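**Student:** Residue numbers (my numbering): 1268 to 1538.
Quick one: structure below, then a few questions.
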Amino acid sequence: MRLRETDMIQRIAAAVLALAAVLILSGVSPARAEDNVCITCHGAMPGKYGEPVKLWKGSIHSENGIACNACHGGDPRDAANAMKKERGFLGAPKYNDVPEFCGRCHVGVLKDYLASGHGRALTRGGPNCVICHGSHQIVKASLELINEKSCSRCHSYERAKLIRGAMQETETMIVAIDTRITAYKQVGTDVEKLEKDLFSTRNRFHSLFHNVDVKRVTDESAGIKADLKKIEAALTALDDQKGKRKLAGAVAVALLLVAGLLAHLMRKTYD
């Protein structure tokens, strides 16, 4: 094995070890679900003790490999000591503590929530994170969560309906632009700047998901759509360039065919 190949393998190994260390320090276990004693133990229990695992399996957390210990702490590899405070076990938070509990990972979302009408009403019985997203079958933030059935549990749907309407067109634009950028990336076109612009704009859009101020959401959505239209214009320019290159290619091919035909006719004339 050449020295360069050996050095590359060593670097890859070091990167893998570093990633594993980051996951462990952040409380996210890189172990498989079947190696997590919290899941294997509670998953075999009946009733309320096994229900959290069943719900978790259908959550966005499970989809992303985030297991029980990432939220509740404890040792996921030692059944005898899994729920000891010495091993970092936190247990379940009280109602008013849920936002801070979830906010350990979702820092930006926590900030948006606390500044919203929902967050300001928390100590007066306002909704915490699990009211909308669930406690174990966690559902990611989306416009689907803003619906009459959910919102009308606490108040009328009118304001929420206006907010969803203001955000719907923006989300459609984001999805369409993301699809176009992905298509260009797949053929090797340099769209890094457009990708970064979309990432930044999408983050601004996501910050509105926990806002319940209709005017602010409407105004912010209008500004976000204006920025999205700039990205769309840049993609349209790429489309035009691509179209011109295709046209130039077609013309070149046609000229070559004509030249080949003329050459063939000239040879037949001399023959």
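By construction, the Cβ of each residue, glycine as well, lies at the ideal position given by its N, Cα and C atoms.
What you are looking at is a predicted structure, and each value in this text was computed from that prediction instead of being measured.
Could you spell out the range, first to last residue, of the alpha helix (DSSP H) harbouring R1431?
**Tutor:** Along the sequence shown, read from residue 1 onward, the residue named residue 1431 stands at position 164. From DSSP, the alpha helix (DSSP H) with R1431 extends over E1425 to Q1453.
**Student:** Within this structure, are the beta carbons of H1477 and H1385 separated by less than 8 angstroms?
**Tutor:** Along the sequence shown, one-based indexing puts residue 1477 at 210. Along the sequence shown, one-based indexing puts residue 1385 at 118. Yes, Cβ-Cβ distance for H1477 and H1385 is below 8 angstroms.
**Student:** Return the first residue and the last residue of the alpha helix (DSSP H) that F1356 is part of.
**Tutor:** Walking along the sequence shown from the start, residue 1356 turns up at place 89. F1356 -> no alpha helix (DSSP H), and no H or E assigned at all.
**Student:** Inspect the beta-carbon positions of G1341 and F1356 and report whether they are closer than 8 angstroms.
**Tutor:** As a position in the sequence shown, residue 1341 is number 74, starting the count at 1. As a position in the sequence shown, residue 1356 is number 89, starting the count at 1. In contact: G1341 and F1356 (Cβ atoms closer than 8 angstroms).
**Student:** So, at 7 angstroms on beta carbons, what are the nonlocal neighbours of P1319 in its own chain, with the 5 sequence-adjacent residues on each side left out?
**Tutor:** In the sequence shown, the residue the question calls residue 1319 occupies position 52. Cβ neighbours of P1319 beyond the five flanking positions: H1309 and H1403.
**Student:** Which residue comes first and which comes last in the alpha helix (DSSP H) that contains A1334?
**Tutor:** Here residue 1334 corresponds to residue number 67 of the sequence shown, with the count starting at 1. Premise fails: A1334 is in no alpha helix (DSSP H) and is neither H nor E.
**Student:** Would you mind stating whether A1433 and V1484 have Cβ atoms separated by less than 8 angstroms?
**Tutor:** Your numbering for residue 1433 matches position 166 in the sequence shown. Your numbering for residue 1484 matches position 217 in the sequence shown. It is a contact, given that the beta carbons lie within the stated cut-off.
**Student:** If I1405 sits next to S1326, beta carbons under 8 angstroms apart, how far is it from one beta carbon to the other, in whole angstroms?
**Tutor:** Position 138 of the sequence shown, counted from the start, is the residue given in the question as residue 1405. Position 59 of the sequence shown, counted from the start, is the residue given in the question as residue 1326. Contact holds; Cβ gap of about 4 angstroms.
**Student:** Helix or strand or just coil, what does DSSP make of V1520?
**Tutor:** Walking along the sequence shown from the start, residue 1520 turns up at place 253. In the structure shown, V1520 sits in a helix (DSSP, three-state: H, G or I).
**Student:** For R1271 and K1452, I'd like the C-alpha separation in whole angstroms.
**Tutor:** On the sequence shown, position 4 is the one that residue 1271 refers to. On the sequence shown, position 185 is the one that residue 1452 refers to. No answer about R1271 holds up, because its pLDDT of 48 lies below 50 and its placement is not dependable.
**Student:** How long is the line joining the alpha carbons of I1448 and N1303, rounded to whole angstroms?
**Tutor:** Residue 1448 sits at position 181 when you count from the first residue of the sequence shown. Residue 1303 sits at position 36 when you count from the first residue of the sequence shown. Answer to the nearest angstrom: the Cα atoms are 39 angstroms apart.
**Student:** Pick helix, strand or coil for L1475, following the three-state DSSP scheme.
**Tutor:** The sequence position of residue 1475 within the sequence shown is 208, counting from 1. L1475 falls in the coil class under three-state DSSP.
**Student:** Out of Y1362, A1504, H1339 and K1463, which has the shortest C-alpha to C-alpha gap to K1352?
**Tutor:** Position 85 of the sequence shown, counted from the first residue, corresponds to residue 1352. Selected option, being the one with the closest Cα: H1339.
**Student:** Measuring straight from C-alpha to C-alpha, what distance separates G1358 and G1392?
**Tutor:** Position 91 of the sequence shown, counted from the start, is the residue given in the question as residue 1358. Position 125 of the sequence shown, counted from the start, is the residue given in the question as residue 1392. Each residue's Cα considered, the two are about 22 angstroms apart.
**Student:** Since Q1435 contacts L1410 with CB under 8 angstroms, what's their CB separation in whole angstroms?
**Tutor:** Position 168 of the sequence shown, counting from 1, holds the residue named residue 1435. Position 143 of the sequence shown, counting from 1, holds the residue named residue 1410. About 6 angstroms; that satisfies the 8 angstroms criterion.
**Student:** Give the DSSP-derived three-state secondary structure of I1405 in the structure shown.
**Tutor:** Stepping through the sequence shown from its first residue, residue 1405 is reached at position 138. Three-state result, I1405: coil.
**Student:** Just checking my contact of P1343 with C1305 at CB under 8 angstroms: how many whole Å lie between their CB atoms?
**Tutor:** Within the sequence shown, the letter at position 76 stands for residue 1343. Within the sequence shown, the letter at position 38 stands for residue 1305. Right, the Cβ-Cβ distance comes to about 6 angstroms (below 8 angstroms), so this counts as a contact.
**Student:** Using 10 angstroms around the beta-carbon of S1383, count the other beta-carbons present and answer buried if the total reaches 16, otherwise exposed.
**Tutor:** Sequence index remark: in the sequence shown, residue 1383 carries index 116 (1-based). By the neighbour-count rule (16 or more Cβ atoms within 10 Å), S1383 is buried.
**Student:** I'd like the list of long-range same chain contacts for A1501, defined as Cβ closer than 7 angstroms, with 5 residues on each side in sequence excluded.
**Tutor:** Here residue 1501 is taken as the residue at index 234 of the sequence shown, counted from 1. Counting only Cβ-Cβ distances below 7 angstroms, and skipping sequence neighbours, we find L1461.
**Student:** Let me know if T1468 comes out buried or exposed under the rule of 16 or more other beta-carbons within 10 Å of its beta-carbon.
**Tutor:** Taking the sequence shown and counting its residues from 1, one reaches residue 1468 at position 201. By the neighbour-count rule (16 or more Cβ atoms within 10 Å), T1468 is buried.
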